[in-house]
Amino acid sequence: MTEVVASIRRVTDIMGEISAASSEQSAGVGQVGEAVTQMDQATQQNAALVEEMAAAASALNAQAGELVNAVAVFKLDANAMRSAPAPRAPIAAPAFTAQRSAGATKGASKIGSAKPAKPQASLAAPKASAAAPAAAPAASTRPPVASAPAPATTTNGRASERACPRLRDSDEGYG
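Numbering-wise, the numbering used here puts 57 at position 42 of the sequence shown, and it's gapless, one number per residue.
Rendered as structure tokens:
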């Protein structure tokens with residue numbers, strides 16, 4: 016009979032181990048189920064984000080097309096390129112301004128005594144160079160610049176007074 020009791024204990028122990036293993040497996044299956052559920056949620060979120068990105072990309076593509084059309088208005092043909100006007104020579108400032116400002120620092124009583132400076136040699140040079148012919152301007156490699164349209168004229172050939180009111184008071188057309 017002791018053998019039967021020992022065998023029953025072994026069977027009971029084995030059944031306990033089987034029960035514990037089944038509980039562990041059940042818990043493991045539950046964890047796997049939770050993990051699959053989380054993966055499903057992440058996949059759905061990714062799918063929603065992909066849809067949003069596709070919609071945003073489509074909207075950006077449409078806006079880029081509109082921008083290309085808007086910028087196309089400002090594009091110039093290669094033949095329509097114009098060169099910038101040539102810079103004008105700087106106008107010489109009166110020479111006595113430096114003396115007047117220097118006199119102002121010395122004292123207020125000398126303000127009226129400032130005299131214009133003598134013309135510089137570069138300003139007197141036009142007399143000597145007037146006899147020599149002027150050199151031809153360098154040829155430009157740029158296409159010619161279109162000139163501005165002529166001002167509207169009246170029957171006497173003068174510029175329209177409506178176009179430029181200053182011309183109304185002058186005999187030469189410039190005020």
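Every residue gets a Cβ at the ideal spot worked out from N, C-alpha and C, and that includes glycine.
Inter-residue spacing [alpha-carbon to alpha-carbon] between L75 and A63: Note on geometry: alpha-carbon atoms of L75 and A63 lie some 18 Å from one another.
Coarse secondary structure for I33, derived from DSSP in three states: If DSSP states are grouped into helix, strand and coil, I33 belongs with the helices.
Tell me whether V88 sits in a helix, a strand or coil according to DSSP, three-state version. Judged by DSSP in its simplified three-state form, V88 adopts coil rather than helix or strand.
Beta-carbon proximity list for T52, same chain, < 6 Å, skipping 5 on both sides: none
Report the rounded CA-to-CA distance for M68 versus A77, giving the unit in angstroms. 14 Å
Through-space distance from S37 to A21, alpha-carbon basis: 24 Å
Would DSSP call M54 helix, strand or coil? Helix at M54.
Could you give the distance in angstroms between the alpha-carbon of V44 and the alpha-carbon of M54? 15 Å
Please list, in chain order, all residues of the same chain as F89 whose beta carbon is under 6 Å from its beta carbon, the five residues on each side excluded. none
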